[in-house]
Structure formats: C-alpha cells, structure tokens
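Below is one structure, written out as structure tokens, with a few remarks after it.
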Amino acid sequence: MDRRNFLGSVAAGGLGLFAMRSARADGSSTPVLFPVPTNTGIKGNVVVVGGGMAGAAVAKYLRLWGGSGVNVTLIEASPKYTSNIMSNTVLTGQRQLSSLDYAYATLSGHYGVSVVKATVARIDATGRWVHLQGGGSVGYDRLVLAPGLEFDLMPGMSSLQEYETLVPHAWRAGPQTQRLRDLLVAMPAGRNVVMTIPKAPYRCPPGPYERACVVADWLKRNKPGSKIIVLDANPGIVVERDNFTNAFNGTYAGIVDYRPDSTVTQVSSAALTVTYKDIVGKETTLAAGVVNPIPPQRAPQLLNAAGLLSSDPDRPFAPVDVLSYESTVPDKPGIHVIGDASLTTQPKAGHIGNQQAKTCADAILRLLAGKQPNPSPVTNSACYTPITSTTATWLSAVYQYDAATKTMMIPLQHNKGGAIAAPAPTADNYEDMLTWFATLMGDTFS
Ligand SMILES: Cc1cc2nc3c(=O)[nH]c(=O)nc-3n(C[C@H](O)[C@H](O)[C@H](O)COP(=O)(O)OP(=O)(O)OC[C@H]3O[C@@H](n4cnc5c(N)ncnc54)[C@H](O)[C@@H]3O)c2cc1C
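Residue numbering for the sequence shown follows this note's numbering, beginning at 1 and increasing consecutively.
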C-alpha cells in the first residue's frame, strides 16, 4: 500500500490500523516493525525538536514513509519519555510512574532516526539552524517543532520551583506526578484537595475532570471525610458534560465539589490556601490539605523567541496551515509545529498529536519530492477517561479539512458536528482504554 492510501485507510479506520501488533494471551502485544524503505527517491534533512507524542511519531513516520534518503534528527531534552496519558492513575496508586516510561531505542535502532539528547535553545529561521544549549548547532531543510507546553505561574506564586515541591500541577508527567501522589497519601483524612482548571484551550480537555473523578474515588476509600473542590475558570464542564455531571452529582456526591466560573486570584503554596472569585465577584479563600493547581499553558518560549506565536494573548500557541502544519507566520519557511504547541481547532491531546504528526510527515515528504501536500487530510481524536478504578468513558471525533475556513472541522453529518461521547462509564470501556493506550504508545515509540 502506498503512503497516501495508507494514510487514507487509517483516517477511515482509526488508529488501530497503524500499529499492527501480535497479541499475547495476557493482553500485551509485540509490535510488528515495518522496514525503512531504501528507494523512495525522496531526500532531505529534517530536524524534529521534542520526542513526545507528536515528535516521536513524526520522526518515525518520516523514515518509515520517506525511506533512508530522509535524514531525521530528533533532538530531545530527556533520555526517556514519560506518558501524561494514564498518569492520573499513578495518583491513585493503580500504576507505578515507571510503567509510563518510553525509550527512544526503537526509533534509533530500527528506524534509523538520529536521536540527540540535548535542549534546543534557539532557532535561526533565516539560516535554517537550531542551536543547542551548551553549544553545537544542527542545520535543516525542514524543521518540525513538537516541544509541548510551558506552564504559567498561578497568581501569588513567585517561582516555578513551587510546582516541584509544594503545589505540584503534575500536568506534565514525571517527578511532580509522584510528588502529588505522595502529598495525597500524607494528607490527614478529613482535609480537602483543591484543584484548579485554567480557561480552555489547555492540554487534554477531559483530563482535569478525569483527575477529579479518580482522586474522588481514591478519597472515598482512603480518606474518610475528605473531598476534592474543583475551581474551574470555565463557565462549565468543557467536554463530556453529561458523564462528568453524573459522576460529580451521583457516584461522587459530597466528595466532588465542582465550582464553575471560578477565577483564582491567589495561590499560597506555603499556607496551602487558594483564593478565588466567583461569577458575581465574591472572593473566597479555601484552606487545603493538598493544592493541585493546573496552570494556564502556552507554547514554549523557544517558539515565542522565534516569532512563531499568535498575537492573541488568550491563544499563545503557533498558528499553522493544517495541510502541512507549516507555520503561517510570514518569513518562517520550512518550520512546522505539531502537538500541543500548535494552534488549531483540534484538541491538545496525545492521540491528535500522533495524527498531526502523520499529516505533517506526509506533507513534508511530498514537499521534499516537489509536490503539494494532500489537500484533504483527515484526523481523529480519542480520549478514554477512567471514572472509577474499574470503569471508563470515552470521547471521540473525526476532523476533516474544510477548504472554506482552512481548518480541521468535525463534519456536520457526524453527530451534528460535535464529538461523540460514551453514553456511560463501563468496565468494557476500561478494558478498551488499556488496549487503545498500548496501541497509541506502540504506534508512537515502537
Ligand atoms: C493527566 C493527563 C491525561 C491525559 N490524557 C490524555 C488522553 O487520554 N488522551 C490523549 O490523547 N491525550 C491525553 N493527554 C494529553 C497529552 O499527554 C498531550 O496532549 C501530549 O503529550 C502532547 O504531545 P506533544 O508531543 O505536543 O508534547 P509532549 O508529549 O509534552 O512532548 C514534548 C517533548 O518535547 C521535549 N522538549 C521540550 N522542549 C524542548 C527543547 N527545547 N529541546 C528538546 N526537547 C524539548 C520535552 O522533553 C518532551 O519530551 C493527557 C495529559 C495529561 C496531563
């Protein structure tokens, strides 16, 4: 099957077709690794910055579809990737953090991606170089930026270090995830957790509500008398409203205290208090046993310094042409931005990052071959959400390129243009979630 047909069939069939795997009886599976072709005729040097959900996938598929004439250098700051997806279940002790680690060995060993462990400090868009922290530079014909997000300070905070110790956001999985777990375990029963949600757009739309549910489930069993107070800057639950409303008002009645339209004005990491204003401007200060602020998010400073971000202060991300994910900022030729750092109509999610990576890889290979990108790309998104330790829901959407608006849109004939959600949390969905997660991570890293 050629690359175009492969992409088309996957768009129609979903992620499962990407990752052919041989299943074992225990439910785990071994990926079937396709060889990198040697004779596509396409040549070029592509540098990818960031080896997360979007960056690892684009590096892999550039080689898999482009062949050995396409030199791909993946520059990643960390020696391994820790998945955000499923990291809420580390908070409840259902998973160990180390079970979410992914290595770059298959990308380098099998696909021939040159993996460089370094931090990119600066982009020279004119000379087509990236400069590394500590010295060294790498030149490119095409550059793909997939560095994820950076997190703002909450009002009242003076240092990002406070997130590492006193008030972890754990919205990038890693040491903060373990720290938040430890703080929850150490919290005396009867004290409350206070969690805050920033205004959309933020990483993983259902993620904060998922966290409220699984933490509430854990509090119910481990901390009698405790509850989780959710201060949402949005006017209401952003996605899967019915499922989360039912969970908050039913399964977790008295344990989840959900307060929409809450604007946080002060987080004191020393006193463990959160002050917020409600919709009528009334200010309230809450004392907490654990504070978990999920901060406002933005594309990294690296992109800002390179002049790649939108001038809209409410959307500090990189505008792109979704046919290729090339920057739409003037005078930035050959720079593509995918994943959470990009500004599109699609959610900031790992599954979508993987799909954007494939559209971007396909477009870059066509451009290197002197052709135009596919004029009608399709992507799909899926988010599974644990609601209890044994049940989950899901949210899914298919996006098609709309030439009139030049955006990715859910077609009107699909659920009236909206995402589709599971009707209710079930144990079957929980099983499907584990399969989906293994498939997505396998497709990205192996
Ligand atoms: C609790 C939680 C649950 C989630 N659940 C889901 C879910 O169910 N489904 C879903 O689809 N999504 C989910 N997400 C969202 C998903 O994890 C993100 O959308 C996804 O990781 C974004 O991918 P990315 O490649 O843009 O960024 P990341 O995955 O964050 O990767 C960015 C990489 O770039 C590297 N990097 C950054 N700057 C530099 C630099 N200057 N030089 C070199 N390397 C650099 C970083 O080290 C990192 O490895 C969840 C997120 C959270 C927090």
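For every residue, glycine included, the Cβ atom is placed at its ideal position computed from N, Cα and C. The model shown is predicted, which means the values in this text are computed figures rather than measured ones.
{"Check": "Close Cβ partners of residue 463 (< 6 Å) along its chain, the five nearest in sequence each way excluded", "Outcome": "Residue 463 lies beyond the residue range present for the chain, which begins at 1 and ends at 446; the question has no answer from this structure."}
{"Check": "Segment contact, 8 Å Cβ cut-off, at least three pairs: the region 101 to 116 with the region 143 to 152", "Outcome": "no"}
{"Check": "Under 9 Å between C-beta atoms of residue 252 and residue 264", "Outcome": "no"}
{"Check": "Segments of 3+ residues assigned as beta strand (DSSP E) that fall wholly inside the region 21 to 78", "Outcome": "21 to 23, 29 to 31, 44 to 49, 70 to 76"}
{"Check": "Helix, strand or coil at residue 356 [DSSP, three-state]", "Outcome": "helix"}
{"Check": "Touch test, the region 278 to 290 against the region 126 to 134, Cβ-Cβ under 8 Å, three pairs minimum", "Outcome": "no"}
{"Check": "Member of 68, 317, 48 whose CA lies at the smallest distance from the CA of residue 35", "Outcome": "68"}
{"Check": "6 Å Cβ shell around residue 420 - same chain, five flanking residues per side excluded", "Outcome": "396"}
{"Check": "Residue 200 and residue 238 closer than 9 Å at C-beta", "Outcome": "yes"}
{"Check": "Backbone CA spacing between residue 124 and residue 327 [nearest angstrom]", "Outcome": "14 Å"}
{"Check": "Per-residue burial, residue 444 [other beta carbons within 10 Å of its own, 16 or more giving buried]", "Outcome": "buried"}
{"Check": "Whole runs of the beta strand (DSSP E) within the region 349 to 437, excluding any shorter than 3 residues", "Outcome": "378 to 386, 392 to 402, 407 to 409"}
{"Check": "Sub-9 Å separation of residue 338 and residue 381 beta-carbons", "Outcome": "no"}
{"Check": "Range of the contiguous beta strand (DSSP E) that encloses residue 232", "Outcome": "228 to 232"}
{"Check": "Enclosing alpha helix (DSSP H) for residue 175 [first to last residue]", "Outcome": "175 to 186"}
{"Check": "Endpoints, alpha helix (DSSP H) assigned at residue 214", "Outcome": "207 to 222"}
{"Check": "Integer-rounded CB distance, given that residue 154 should sit under 8 Å from residue 289", "Outcome": "Incorrect: roughly 18 Å between the Cβ atoms, too far for contact."}
{"Check": "Residue of 259, 222, 142, 111 minimising C-alpha distance to residue 283", "Outcome": "259"}
{"Check": "Beta strand (DSSP E) segment containing residue 257, residue limits", "Outcome": "256 to 259"}
{"Check": "For residue 47, the nearest candidate out of 249, 37, 59 (CA to CA)", "Outcome": "59"}
{"Check": "Distance cut-off 8 Å: residue 227 Cβ against heavy atoms of ligand 1", "Outcome": "no"}
{"Check": "Anticipated Cβ contact below 8 Å, residue 257 with residue 227, distance rounded", "Outcome": "6 Å"}
{"Check": "Sheet register partners of residue 195 (DSSP bridge)", "Outcome": "230, 292"}
{"Check": "Cβ distance (whole Å) where residue 65 is taken to contact residue 428 below 8 Å", "Outcome": "Going by Cβ atoms, the distance from residue 65 to residue 428 rounds to 34 Å, so no, they are not a contact pair."}
{"Check": "Same chain only: Cβ atoms within 6 Å of residue 183, ignoring 5 sequence neighbours per side", "Outcome": "290"}
{"Check": "Exposure label - residue 356; buried when at least 16 CB within 10 Å", "Outcome": "buried"}
{"Check": "C-alpha gap between residue 236 and residue 80, whole angstroms", "Outcome": "36 Å"}
{"Check": "Coil, strand or helix - residue 440 by DSSP", "Outcome": "helix"}
{"Check": "beta-carbon residue 324 near ligand 1 non-hydrogen atom, thresh 8 Å", "Outcome": "no"}
{"Check": "Residue 51, buried or exposed, once every other Cβ within 10 Å from all chains shown has been counted against 16", "Outcome": "buried"}
{"Check": "Under the three-state DSSP convention, the category residue 267 falls into", "Outcome": "strand"}
{"Check": "Residue closest to residue 39, alpha-carbon to alpha-carbon, out of 285, 70, 190, 76", "Outcome": "70"}
{"Check": "Contacts around residue 436, its chain only, beta-carbon distance under 7 Å, and the 5 residues preceding and following it disregarded", "Outcome": "382, 384"}
{"Check": "Proximity winner among 144, 92, 317, relative to residue 365 (alpha-carbon distances)", "Outcome": "144"}
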